[in-house]
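Residue numbers (the numbering used here), protein chains in the order written: chain A, 128 to 637; chain B, 473 to 1152.
The beta carbon of each residue, even a glycine, is placed where N, CA and C say it ideally should be.
Because the structure is a prediction, the values reported are computed rather than measured.
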């Protein structure tokens, strides 16, 4: 018996060594941690339960039968993050380059099936050279099986992808279908075709970093939701994100003890809106002053800065925030910001995360670039996302809410539950200047008359009270009491139930 | 007494005057420009009158506009504060003509003290010690030697048309005069085309010490001790104190009596200040008289218990001084730190914007301030006092139009060490966000051994910070206390994280007791044992006792480490905190030993060198580029204008340099951190 027990330990030790000391050293030399080290940092100390440590591939072509490392290039299992269950797979670049084989794929599928069944998020740590070419179509099949599970798990459990090395070719489509993608600066990249193929086909000369590095995907393509300095920071910040997320669609968002009074008054918000209506201000100040302890986890911070998305807590409970940012392009809605916010709203709705919308929007961005690229359908995504969301929705209009963009931004007409406006709000079809030029076209040559008409329009419409008279605004609130009002609004919505007509699924304008 | 007092000023001094007027039961009127519509002084006053556009030249110093505000409100007295119209003879006369009381000296005194040469002459006649010198022109070296002998060495040879150090020489002996005279003369001729020379006593180890005087309209005049204002940056006072650590009783008395005789000589009434330069041997020489309330007057109030603004108002109303010279006592020590909206890391460039956070330390009454029951009608009392004179508030805007000083933080203690220590703690507890400010620099001065010993001259900042201010490195013992506090705070935050809902029952995370703290490039292996009153932190062979009421999210931590108070501004960074204390700005990480081991494997990334780049600070449109490739630019020179959201922002050179490349032109739309131009 003793021998057998010792044998198990030996086998385990061998499996844990992955591709061996030399490859581990090479991995470290690239500034990357190993698959197991990453799991250690992601999960609570000593909480990892590993599965399939001894799984090995069954391929025989190209001499593969002689090289059957235990684990087959991916470490899988579950553990806890601050005591809450999480499933995880972590590709091991030191073992056959982390390449995906039939059995590698099966290991991933196994924990994804468990995650869906048992109701816990999946974190996928990607660091793989791609398909295991020696296995041919078996490898492609493995990807396909993972894709199918990504799709099935979508909306059932949160799925988070961490790109911590190469992720190229078909492999990118698994992370692409998860809820969040995070990258590590300078040591990760994602692309469908690499620089060599790009050069052959299009003659473009581009580095892997330029083509698919963290900067590209957080700033240009918006494929990634965030990027971190290194593996250690990435893993600790993903832990922080998990603290915000429910474990599955069967559970409410988490609540944790908080040290911030829901009644906290912020006098400084009374002066947040500048006297000059064209002067910007930083909407993030409002977000952090509403949030518990000023804690804000921003999603897609580097992309489409004219809209802000991310998570805060109110009375300890997670709330998703969508806010126009007057500092960037005056907070206008355009293709990028609509897409960014729409996806975020749908994530929140999937997982019963209440949504707070902070509105200061002058309208949609005009121009051929926008129209040619389909701002109509992209803008409709955000409209659709807000309208179909049945989670508690609270909206605060701080300043401008003009035209169609007013309707889009979680207006009362899209079944938003509680809609507040600051006294500085202007809810109208458009700004005074534009409106007067249309209504009083005949007086355009007379600056004095135009000025008088403008004043008249401003007095009548540049305020929240016309909307409040109609009940489109539930209450005009003092800026300094925004936190208290918003907390109470969400408190009153904790048992909200809203039925939607039966349908197989909707047909959002993709 | 007056029926209504108008304050012809803004900012902290307007607020300061309103406070005293309120206590005296006098209704107040504020005046304000467009930029100050929401300002604190406007909110504090009983009435407020709008007087024009933001530039002071179109509002605060337009006499007609102030006179109209006086007429419209029926004010019968005006306090001018400092700056603006406070030393304007025409304003004093205009008030007199309308029968409105000016809370300040008579116009004649303003006039005679307003001119450097006249004031020096009057001072000399009144028996005030002036810098010995020869104002007449000097023909040749022989004459220069003779005069230098009369003045006494060292002397300063100065070109009449001189400036920027050219044509100036210090001579310590006859030989040096002989040699230097001709050289300076030649230099002056070639630099200014004017070789006229004069000679003055050169004051070594100069300190700036000034005497506060107070005189009524009945011929009574007293002095209220001195203030030392040697901590200056380019003639801008930064830290002041009273009394001076340098004066002895005899010198104080001599300076005070001379100041009073000067006040009497010019028929002075109200509060005034006689400025002296004092050398290393305690010889003092008259510089000038300021015929108004000084910025730094609170330190005098704190050690005398006299409310100078109250006395100014009473004198203006014709009352007699309530005390004689022998009633004036100096008790304890007071320090003033001026909080400027200037970024110390960017060569003290003015910083403007919204004060997203502004939380001064709590004011505490103690010393003469407490005995006299002034300043704080309610609030805590202590062994040391904290007073903050301010004109701004959280959510307010610091505009580009006025003086960048936003507050004067003062402390009082029974002795200098106590006052300085109180200032250190008060500075650490002062929260300012949204703009650049000099709090870290003020903290650095408080901890500077030269300042702590009181051994400083007006060259202190120039000599001790020749390359500007680059932040503070904490000494080992202080750093260890910060590390212990950070570990205890991190542990509290981590335990809270484990209390999130949705945990696996019986499989919760256990927060350990071993941590690795990294700060300022040092590693501390820490063990924490918590109990009901705090934690015991072991670092190596030392044990520290940490107690604090800090909870996660608090932006200010008040910690006691082995009984030593530690106040830190707290921000969150991945795996730790940004902690600011004593002028240091630290990134402190707290990790488990295993996390730390793995973190050490991470590559060190050098931040890109942006010191030779002009980056776009905000997304915006380039309106204008003011320079061309090859241009040499000076610090503060306008480089280009970026329009963001219809506001034009002028980007200026942070230091001297030569433009090597320009990447953007007018009409270009840029994102944050896009490179606009590069320097050699």
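Residue 198 of chain A and residue 447 of chain A have their C-alpha atoms some 38 Å from each other. The contact set of residue 585 of chain A on chain B, defined by CB atoms closer than 9 Å, is empty, because the minimum CB distance reaches about 18 Å. Closer than 8 Å at the C-beta level to chain A, one finds these residues of the segment 955–978 of chain B: 968, 969, 970, 971, 972, 973, 974, 975, 976. Secondary structure of residue 274 of chain A (DSSP, three-state): helix. With contacts defined by Cβ atoms closer than 8 Å, residue 745 of chain B and residue 694 of chain B do not form a contacting pair. Below 8 Å, too few C-beta pairs join the segment 538–548 of chain B and the segment 889–900 of chain B to call them touching: fewer than three. For residue 160 of chain A, a Cβ of chain B is located within less than 8 Å of the residue's own Cβ. Selection A:514, A:246, A:612, A:581 evaluated against residue 626 of chain A yields A:514 as nearest (Cα-Cα).
At least 8 Å separates the beta-carbon of residue 784 of chain B from that of residue 737 of chain B.
Secondary structure at residue 976 of chain B: coil, using DSSP grouped into helix, strand and coil. Around residue 498 of chain A, no beta-carbon contact reaches into chain B at under 9 Å, the shortest distance being about 19 Å. Taking a Cβ-Cβ threshold of 9 Å, the residues of chain B close to residue 209 of chain A are 966, 969, 970, 971, 972, 975, 980, 981, in chain order.
The Cβ atoms of residue 1099 of chain B and residue 1105 of chain B lie closer than 8 Å to each other. In this chain, residue 970 of chain B is not harboured by any beta strand (DSSP E), its DSSP state being neither H nor E. Contact check for residue 155 of chain A and residue 1073 of chain B: beta-carbon distance about 5 Å, within the 8 Å limit, so the pair qualifies. Residue pairing by DSSP puts residue 1061 of chain B in a beta bridge opposite B:990, B:1048.
Sixteen is the threshold: since fewer than 16 other Cβ atoms of the shown chains lie within 10 Å of the Cβ of residue 1083 of chain B, the residue is exposed. Distance from the CA atom of residue 474 of chain A to the CA atom of residue 277 of chain A, rounded to whole angstroms, is 14 Å. Checking the DSSP bridge columns, you'll see residue 770 of chain B has no partner listed. Scanning the segment 579–666 of chain B from its first residue to its last, the whole alpha helix (DSSP H) runs of 4-plus residues come out as 579–586, 588–597, 613–623, 646–664. Closest option to residue 262 of chain A, judged by alpha-carbon separation, among A:184, A:451, A:212: A:184.
Sequence-distant partners of residue 281 of chain A (beyond 5 residues in either direction) whose C-beta falls short of 7 Å from its own C-beta, in its chain, are 304. In terms of Cβ geometry, residue 518 of chain B and residue 500 of chain B form a close pair [threshold 8 Å]. Setting aside the 5 residues that flank it on each side, residue 633 of chain A is surrounded in the same chain by 515, each with a C-beta closer than 7 Å to its C-beta; the list follows chain order.
Closest in alpha carbon position to residue 760 of chain B, among B:595, B:817, B:538, is B:595. By the CB criterion at 8 Å, residue 1114 of chain B and residue 1130 of chain B fall outside the cutoff. About 4 Å separates the beta carbon of residue 998 of chain B from that of residue 959 of chain B, a gap short enough to meet the 8 Å contact definition.
Of all residues in the segment 1059–1070 of chain B, the ones placed with a Cβ closer than 9 Å to any Cβ belonging to chain A are 1063, 1064, 1066, 1067, 1070, in chain order. The beta-carbon of residue 425 of chain A is placed no less than 8 Å from the nearest beta-carbon of chain B. The distance from the Cβ of residue 215 of chain A to that of residue 290 of chain A is about 15 Å, inconsistent with a contact at the 8 Å cut-off.
For residue 613 of chain A, the enclosing alpha helix (DSSP H) begins and ends at 609–619.
In terms of beta-carbon proximity, residue 245 of chain A stays away from the interface with chain B, with every pair separated by 8 Å or more. Cβ contact annotation for residue 418 of chain A (same chain, cutoff 6 Å, sequence separation greater than five): 439, in chain order. A buried status is given to residue 766 of chain B, since no fewer than 16 other beta-carbon atoms sit within 10 Å of its beta-carbon.
Put simply, the CB of residue 828 of chain B is near chain A, with a gap under 8 Å to one of its CB atoms. For residue 623 of chain A, there is no enclosing beta strand (DSSP E), as DSSP gives it neither H nor E.
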